[in-house]
Structures are given as C-alpha cells and as structure tokens.
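Visitor: Here you go, one structure.
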Amino acid sequence: MRSLAQPCGTHLERLYGDVAPASTASILETIRAGKYDQSLINKVLPGQYLLLGHQGPKRLGYVAGAQCSQPNTDLMQSASFQLPHRRPGTVSLAVTENEDEQYLQRLPSYCNVSMLITTGPGPVPSLDGQNVVIGELLDGFDVLAAVQRVPTFYPSSNRRAFNELGQVFGDKRANLAAKRWGRPLKPIVVMAAGEIRET
Numbered sequence: 001m002r003s004l005a006q007p008c009g010t011h012l013e014r015l016y017g018d019v020a021p022a023s024t025a026s027i028l029e030t031i032r033a034g035k036y037d038q039s040l041i042n043k044v045l046p047g048q049y050l051l052l053g054h055q056g057p058k059r060l061g062y063v064a065g066a067q068c069s070q071p072n073t074d075l076m077q078s079a080s081f082q083l084p085h086r087r088p089g090t091v092s093l094a095v096t097e098n099e100d101e102q103y104l105q106r107l108p109s110y111c112n113v114s115m116l117i118t119t120g121p122g123p124v125p126s127l128d129g130q131n132v133v134i135g136e137l138l139d140g141f142d143v144l145a146a147v148q149r150v151p152t153f154y155p156s157s158n159r160r161a162f163n164e165l166g167q168v169f170g171d172k173r174a175n176l177a178a179k180r181w182g183r184p185l186k187p188i189v190v191m192a193a194g195e196i197r198e199t
C-alpha cells in the first residue's frame, strides 16, 4: 500500500528566551518531551497564520499530556504582549487563538502550548497585544508556503454573515462553528520537533 503523505520539509525557529521566558520554557519543555511529534497543524488561514499544539488525545493528532514545571507568569505581564506580528514567520504562544477545550484549561496542571506562526506576506495586527511573541522563523519559508497551499474549510460569505449574527446574539453554536474555519482538508503532520542549542 502506498502512502499519500508527502514531506513538506523542515523549518528552523529561534525562540526569544529573554522576552517571554516562561512561555518559551513551556514550549521548549513540550518539545523536549516529544509532545509535538506526530501532531497536526490545526488551522491554516492563508495570508495570516497557522496554528498548532491543540491538546487532546494523541490518536487524534493532538498534543497529549503537556505539563509545565512552572506556571506561565508571562501571561500576567503586559510587557510580554508588546512585540508585534509584523513579518512572516513570527512565532507566538496562542492566547486568544488557543482552541483547547475549556475543561482542559480549568485543570490545575494545564499548560498552554499552542503556537501561532504567521504566514505572511504582510503583518497580522489582529494578533498584536493578545498573543505572546516568543520567536521567529529562520529557515523554512518554503514549508510555510506549502502548508498554505493545502485546501482548508471556509464557509461561504452568507454562512459567515449568519455566524457573525449568531455571535452577536450570544449563540454558543456560532463560536463552535467558527472554530472549524481554516481546518485543513488534508492532514498536515508535524513529524518531529527538536532543539538545537546555540553555541
């Protein structure tokens, strides 16, 4: 039986440990534990960003059992939210775009490890001040381009308008439906994530 999977390539990110040390530590701890390995990219919004690190069962392609040894104190400091999503390849801890289930987020051991990577070509100011920039892409912009070419679910303008109306009236189903927008129609798998230390 032939596999339909095709490798897109690799990419290299630099994480800023000094800007948001707790957020960076959470991501590195998850990488070192191999939790991102074999996980799915959850959302792709071409021209904006891709989202990965959704927590849940490993068998569904989620990050399973992410636990951090220390709480993320960056989320309580306004300085952590000051760096902009100005260029393609900006890496940030997804705070407002985090799609982890509410019951997971309420657990005492919960640790947010969802990441956004901006895809370009321009800035994404809608993410500024709401998500913690923790790094940048150094190499692998061809991978970002390949990921953006994967077809995603996006409803018609009429359905989006009805959904926005539902959100205005507080219909919880509208928020659930909007979470599905940008879902890749083919699986995009993070085969492995690792760390290269600067010397």
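Residue numbers (this note's numbering): 1 to 199.
Glycine included, each C-beta is placed from N, C-alpha and C at the ideal position.
Please report how far the alpha carbon of residue 54 lies from the alpha carbon of residue 39, in whole angstroms.
Guide: Position 54 of the sequence shown, counted from the first residue, corresponds to residue 54. Position 39 of the sequence shown, counted from the first residue, corresponds to residue 39. One C-alpha to the other measures close to 8 Å.
Visitor: Considering just the uninterrupted stretch of the alpha helix (DSSP H) at residue 166, what are its terminal residues?
Guide: Taking the sequence shown and counting its residues from 1, one reaches residue 166 at position 166. Where residue 166 is concerned, the enclosing alpha helix (DSSP H) stretches over 157-168.
Visitor: Spatial neighbours of residue 24 within its chain, please: C-beta separation below 6 Å, excluding the five flanking residues on both sides.
Guide: Position 24 of the sequence shown, counted from the first residue, corresponds to residue 24. Result list for residue 24: 15, 17, 134, in chain order.
Visitor: Alpha carbon to alpha carbon, how far is residue 184 from residue 77?
Guide: Locating residue 184 in the sequence shown gives position 184, counting from the first residue. Locating residue 77 in the sequence shown gives position 77, counting from the first residue. Those two C-alpha atoms are separated by around 34 Å.
Visitor: Is residue 96 helix, strand or coil by DSSP?
Guide: Reading the sequence shown from its first residue, position 96 is the one you call residue 96. Looking at residue 96 - three-state DSSP - the assignment turns out to be coil, as it is neither helix nor strand.
Visitor: Just verifying my parser: in three-state terms, what is the DSSP assignment at residue 10?
Guide: Taking the sequence shown and counting its residues from 1, one reaches residue 10 at position 10. Coil, per DSSP.
Visitor: Can you tell me where the alpha helix (DSSP H) with residue 142 in it begins and where it stops?
Guide: Within the sequence shown, numbered from 1, the residue matching residue 142 stands at position 142. Unbroken alpha helix (DSSP H) run through residue 142: 141-148.
Visitor: Going residue by residue through the segment 13-78, where are the continuous alpha helix (DSSP H) segments of at least 4 residues, counting only ones entirely within it?
Guide: 21-32
Visitor: Following the continuous alpha helix (DSSP H) through residue 176, name the residue where it begins and the one where it ends.
Guide: Residue numbering aside, residue 176 sits at position 176 when the sequence shown is read from its first letter. Its alpha helix (DSSP H) spans residues 172-179.
Visitor: Answer yes if the segment 81-89 comes into contact with the segment 54-72, meaning at least three C-beta pairs across the two stretches below 8 Å, and no otherwise.
Guide: no
Visitor: Using 8 Å as the threshold, is the C-beta distance between residue 137 and residue 13 below it?
Guide: As a first step, residue 137 is located in the sequence shown; it is residue number 137 there, counting from the start. As a first step, residue 13 is located in the sequence shown; it is residue number 13 there, counting from the start. Cβ atoms of residue 137 and residue 13: closer than 8 Å.
Visitor: What number of angstroms, rounded off, separates the C-alpha of residue 192 from the C-alpha of residue 100?
Guide: Here residue 192 corresponds to residue number 192 of the sequence shown, with the count starting at 1. Here residue 100 corresponds to residue number 100 of the sequence shown, with the count starting at 1. Straight-line Cα distance between these residues: approximately 21 Å.
Visitor: Leaving out five residues on either side along the sequence, give the residues of the same chain with a beta carbon under 6 Å from the beta carbon of residue 182.
Guide: Indexing the sequence shown from 1 puts residue 182 at position 182. Excluding residues within five positions, the ones whose Cβ falls inside 6 Å are 43, 44, 45, 152.
Visitor: Any chance the segment 113-126 sits against the segment 84-94, with 3 or more Cβ pairs inside 8 Å?
Guide: The segment 113-126, when compared against the segment 84-94, does touch it at the 8 Å Cβ threshold.
Visitor: So, is residue 158 buried or exposed, given that buried needs 16 or more other C-beta atoms within 10 angstroms?
Guide: By one-based count along the sequence shown, residue 158 stands at place 158. The residue is exposed, with fewer than 16 neighbouring Cβ atoms inside 10 Å.
Visitor: Grab the span of the beta strand (DSSP E) containing residue 116 for me, first residue to last.
Guide: Numbered from its first residue, the sequence shown carries residue 116 at position 116. Residues 115-118.
Visitor: Indicate whether residue 167 and residue 174 have their beta-carbon atoms separated by less than 8 Å.
Guide: As a working note, residue 167 is residue 167 in the sequence shown. As a working note, residue 174 is residue 174 in the sequence shown. Cβ distance < 8 Å, so residue 167 and residue 174 count as in contact.
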